[in-house]
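Down below is the structure, laid out as structure tokens.
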Amino acid sequence: YEPLPPTLGRNIFGRQVYQLPGLFSYAKHIVKVDGRAGLFKGLAPRLCSSAIGTVVHSKVLQQFPPDSSFLLQPGASKKEPVSSLEQVLKETSREMVARSAATIITHPFHVITLRCMVQFIGRETKYSGTLSAFTTIYREEGILGFFAGLIPRLLGDILSLWLCNMLAYLINTYALENGVGSARGGILGATAPFWGIQVLLFLPQVSTMTEMKSYSQAVTGFFASMLTYPFVLVSNLMAVNNCGLAGGLLPYAPTYSSWLDCWSQLHREGNMSRGNSLFFRKVPAGKRYVWE
Numbered sequence: 001y002e003p004l005p006p007t008l009g010r011n012i013f014g015r016q017v018y019q020l021p022g023l024f025s026y027a028k029h030i031v032k033v034d035g036r037a038g039l040f041k042g043l044a045p046r047l048c049s050s051a052i053g054t055v056v057h058s059k060v061l062q063q064f065p066p067d068s069s070f071l072l073q074p075g076a077s078k079k080e081p082v083s084s085l086e087q088v089l090k091e092t093s094r095e096m097v098a099r100s101a102a103t104i105i106t107h108p109f110h111v112i113t114l115r116c117m118v119q120f121i122g123r124e125t126k127y128s129g130t131l132s133a134f135t136t137i138y139r140e141e142g143i144l145g146f147f148a149g150l151i152p153r154l155l156g157d158i159l160s161l162w163l164c165n166m167l168a169y170l171i172n173t174y175a176l177e178n179g180v181g182s183a184r185g186g187i188l189g190a191t192a193p194f195w196g197i198q199v200l201l202f203l204p205q206v207s208t209m210t211e212m213k214s215y216s217q218a219v220t221g222f223f224a225s226m227l228t229y230p231f232v233l234v235s236n237l238m239a240v241n242n243c244g245l246a247g248g249l250l251p252y253a254p255t256y257s258s259w260l261d262c263w264s265q266l267h268r269e270g271n272m273s274r275g276n277s278l279f280f281r282k283v284p285a286g287k288r289y290v291w292e
């Protein structure tokens with residue numbers, strides 16, 4: 001569904017291409033149709049999901065406290081935490097359990113949030129409030145309706161978490177720490193008269209390495225989210241699939257029998273990365289969209 005037609009623009013390399021409207025164009029369109037309130041459709045269930053998810057995540061982590069035996073090495077100071085593979089595996093597993101529990105419990109709010117947004121396509125008012133939305137979903141789809149699209153969302157979250165943490169561990173251990181270790185070895189082998197000067201030169205490098213380690217988690221998180229985006233797309237499509245809203249029915253979306261069916265159709269059409277960019281949205285060759 002693309003309510004605005006593509007326009008002729010230039011990509012980041014200066015080449016002329018047809019581009020689909022981006023974030024700001026659609027924000028203006030929503031304000032024009034629904035006013036500024038239209039930009040906040042689904043906000044109430046989204047806030048509920050965030051609040052409940054934070055509480056659940058915290059409570060689950062409290063039930064699985066970290067293993068203190070991995071926090072410090074013998075003789076290490078309290079400011080030097082151990083970064084071993086075993087520790088990363090245990091901490092990632094602990095975080096996975098907490099995130100999964102929060103995702104499962106808050107998924108009904110996620111479904112309602114998406115359906116409140118999708119109503120923009122057909123101008124429906126079926127999901128006008130959070131409590132009434134719970135009643136509507138239960139009456140029409142039963143308990144399973146609250147968990148539409150849960151499996152691909154869970155799989156995507158888990159894969160993203162493990163990719164992010166393992167990549168960060170590999171970068172911190174084999175790229176950054178080895179570089180610092182090599183530099184430190186050169187300093188220790190220096191002659192005494194120049195040792196003090198080289199230590200002063202080395203201190204900024206240690207600080208830089210510490211900062212790079214803090215940034216590596218963010219970089220690997222972004223990379224992991226890109227790789228697992230198809231799971232997010234499939235989950236969102238399944239959450240609104242055949243729910244009685246125009247946005248979940250033809251001609252905007254086919255009816256999928258399962259999330260695997262949705263995945264296979266998107267893969268065949270080359271649409272696995274659909275919607276992953278807010279800007280510079282090039283019109284894919286051979287793709288069809290519904291214009292207003």
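Oh and the sequence shown: position 22 is 22 in the UniProt record's numbering, straight run, nothing missing.
Yeah, the Cβ is synthetic: ideal placement off N, Cα and C, and Gly gets one too.
Note that the structure is a prediction, hence the values are computed from the model and not measured.
Can you list, in chain order, the residues of its chain with a C-beta nearer than 6 Å to that of residue i? Leave out the 5 residues immediately preceding and following it.
i: P193; result: Confidence at P193 is low in this model, with a pLDDT of 46, below 50, so the placement of that residue is unreliable and no value is reported for it.
i: A224; result: S160, L163, C164
My output table needs one value for residue i: the three-state DSSP class, helix, strand or coil.
i: R281; result: strand
i: R123; result: coil
i: L20; result: strand
i: T228; result: coil
i: residue 298; result: The structure shown does not extend to residue 298, since the chain spans only 1 to 292, so no value can be given for it.
i: T255; result: coil
i: P74; result: For P74, the predicted structure reports a pLDDT of 48, less than 50, and the residue's modelled location is therefore unreliable. A value from the coordinates is still provided. Coil, per DSSP.
i: L43; result: helix
i: G275; result: coil
i: G149; result: coil
i: R10; result: strand
i: Y1; result: coil
i: C243; result: coil
i: G221; result: helix
i: P65; result: coil
i: R15; result: coil
i: S49; result: helix
i: G38; result: helix
i: S84; result: coil
i: S235; result: helix
i: G129; result: coil
Run the CB neighbour count on residue i, radius 10 Å, all protein chains shown included, and call it buried at 16 or more, exposed below.
i: H57; result: buried
i: R153; result: buried
i: A168; result: buried
i: P251; result: exposed
i: Y127; result: buried
i: P108; result: buried
i: F144; result: Residue identity check: residue 144 is Leu in the sequence provided, not Phe. Exposed: under 16 other Cβ atoms inside 10 Å.
i: G14; result: exposed
i: Y215; result: exposed
i: L23; result: exposed
i: R281; result: buried
i: V33; result: exposed
i: T228; result: buried
Looking only at its own chain, which residues have a Cβ that is under 7 Å from the Cβ of residue i, when we skip the five neighbours before and after it?
i: L8; result: Q16, Y18
i: P6; result: Y18, Q19, L20, V283
i: E95; result: L161
Going by Cα to Cα distance, which pick from the options is closest to residue i?
i: L237; options: R274, S225, F223; result: R274
i: S84; options: M166, Y252, S216, T255; result: M166
i: T173; options: A98, S49, Q217, G156; result: Q217
i: L278; options: W263, S25, L159, E124; result: S25
i: L266; options: V240, S257, P230, N242; result: P230
i: I171; options: F64, T220, R36; result: T220
i: T92; options: W162, P6, N241, F223; result: W162
i: T130; options: S49, V240, D261, L39; result: S49
i: residue 372; options: F146, H29, A98, L249; result: Outside the modelled stretch of the chain, which goes from 1 to 292, sits residue 372, for which no answer is possible.
i: V88; options: L260, C164, S235, E269; result: C164
Tell me which residues share the same chain as residue i and place their Cβ nearer than 8 Å to its Cβ, disregarding the 5 neighbours each side in the sequence.
i: R10; result: Q16, V17
i: S100; result: L154, D157, I158
i: Q119; result: K41, T125, K126, Y127, L245, G247
i: L200; result: Because the pLDDT at L200 is just 40, under 50, the model does not fix this residue reliably, and the value given afterwards should be weighed accordingly. If we look at L200 and ignore the five residues flanking it on each side, it has no Cβ neighbours.
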